[in-house]
Structures are given as C-alpha cells and as structure tokens.
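First residue of the sequence shown: 549, per this note's numbering; consecutive thereafter.
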Amino acid sequence: MNYKLLKTLLILMLLLGGGMAQEDSLQPPQVQVKEALQHYSRSLQHPNEGVVSSAIFKVVKLKMGYPGEDFTQPRAQLEMLMAEGHTPAIRLKAFVAASYLSHPEWFNWIGETEQQNADEFFQVLSERLDQQLQNIGISMK
Numbered sequence: 549m550n551y552k553l554l555k556t557l558l559i560l561m562l563l564l565g566g567g568m569a570q571e572d573s574l575q576p577p578q579v580q581v582k583e584a585l586q587h588y589s590r591s592l593q594h595p596n597e598g599v600v601s602s603a604i605f606k607v608v609k610l611k612m613g614y615p616g617e618d619f620t621q622p623r624a625q626l627e628m629l630m631a632e633g634h635t636p637a638i639r640l641k642a643f644v645a646a647s648y649l650s651h652p653e654w655f656n657w658i659g660e661t662e663q664q665n666a667d668e669f670f671q672v673l674s675e676r677l678d679q680q681l682q683n684i685g686i687s688m689k
C-alpha cells in the first residue's frame, strides 16, 4: 500500500513539474527578455570579474537576438562599468558592449564572428571597433 501511494505521488510530482516547465516556455519573448535582463543586471553588479564578464557577453548576445527590446538599464550599468569597473578588461568590455547597445549599426559585421567564448568575442569586437574608429581619426589606445 505504501509503495502504491509513493508511486502515485511521484507521478503527480512529475506531471506538475512538467506543467510548470511548459508554462515558462509559453511566455512571450518580451517577458523572457525582461527577466533575463533583470538577472544580467544583478550579475553586472557582482564582485566576481568572471560573473561580470559573462553578464556583459550575455547582454550583447541578447541584444543581437532581440534588437527591438529596451536595453536602457543594462546600457546605463555598462556605462558605469566603463568608468568604475574593477579591472581594465571589464572597463574595455563594458565600453565595447555599451557601444554596441548604443550604435548597433557600427557592428553590422557582428554576425560574421563565430566566437562563443566571451574573451574571444570581445577581442574581435574591440579590434574591429578600434579599426573603425581609427578610420575616422579616433584611437582607443
């Protein structure tokens, strides 16, 4: 009798858990983007450089996927990190990411980059941005 009750409860839990997972996937993309941005916003304030770097990368990737969404809050946080980031690497990544959020048209070629690693991705972006700025007489160095 105990075994049957346990089995019934387990099946019920699996069914309810599966239903909750489906409910999340049925949310409109705008809601999912808004939730993701809230998570990334907290990560941009994290004391660990790796967490911040990853969040910067994810914000740029999210903007690439949803260019019409509002990225005002993360852009403001990135601009703050440009000035107050704990390391030069974070400040540079924040600069490149904020530039992308403000002027995505400067990065029309961004789809050409295949880098999945945040460091490689930002290396390519910063090199190309530096090259474009030099073409108009501005140097990042």
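Positions of the beta carbon are idealized from the N, C-alpha and C atoms, including for glycine.
Legend entry - Validate contact between the segment 670-678 and the segment 626-633 using beta carbons, cut 8 Å, 3 pairs: Under the 8 Å Cβ criterion, the segment 670-678 does not count as touching the segment 626-633, having fewer than three qualifying pairs.
Inset, instruction - Within its chain, find whatever has a CB closer than 7 Å to the CB of residue 644; leave out the 5 residues flanking it on each side and keep chain order. - result: Counting only Cβ-Cβ distances below 7 Å, and skipping sequence neighbours, we find 670, 673, 674, 677.
Legend entry - residue 667 (DSSP reduced to helix, strand or coil): DSSP places residue 667 in helix when its eight states are reduced to three.
Legend entry - Cβ neighbours of residue 604 in the same chain (closer than 8 Å, five flanking residues each side left out): Result list for residue 604: 592, 626, 629, 638, 641, 642, 645, 666, 670, in chain order.
Inset, instruction - Let me know the secondary structure DSSP gives residue 638 once reduced to three states. - result: In this structure, residue 638 counts as helix in the three-state DSSP scheme.
Inset, instruction - With residue 605 as the anchor, note down where its alpha helix (DSSP H) starts and where it stops. - result: 597-613 is the span of the alpha helix (DSSP H), which, as asked, contains residue 605.
Legend entry - C-beta contact flag for residue 635 and residue 583 at 8 Å: Note that the C-beta distance between residue 635 and residue 583 is not below 8 Å.
Inset, instruction - Determine, using beta carbons only, whether residue 581 and residue 614 come nearer to each other than 8 Å. - result: Against a cut-off of 8 Å, the Cβ pair of residue 614 and residue 581 comes out as a contact.
Inset, instruction - Would you tell me roughly how many angstroms separate the C-alpha atoms of residue 691 and residue 683, rounded to the nearest one? - result: Given a span of 549 to 689 for the chain in the structure shown, any question on residue 691 remains unanswerable.
Inset, instruction - Mark residue 611 as exposed unless 16 or more other C-beta atoms lie within 10 angstroms of its C-beta, in which case mark it buried. - result: Answer is buried; the Cβ neighbour count reaches 16.
Legend entry - Beta-carbon gap between residue 622 and residue 648 smaller than 8 Å: No, Cβ-Cβ distance for residue 622 and residue 648 is not below 8 Å.
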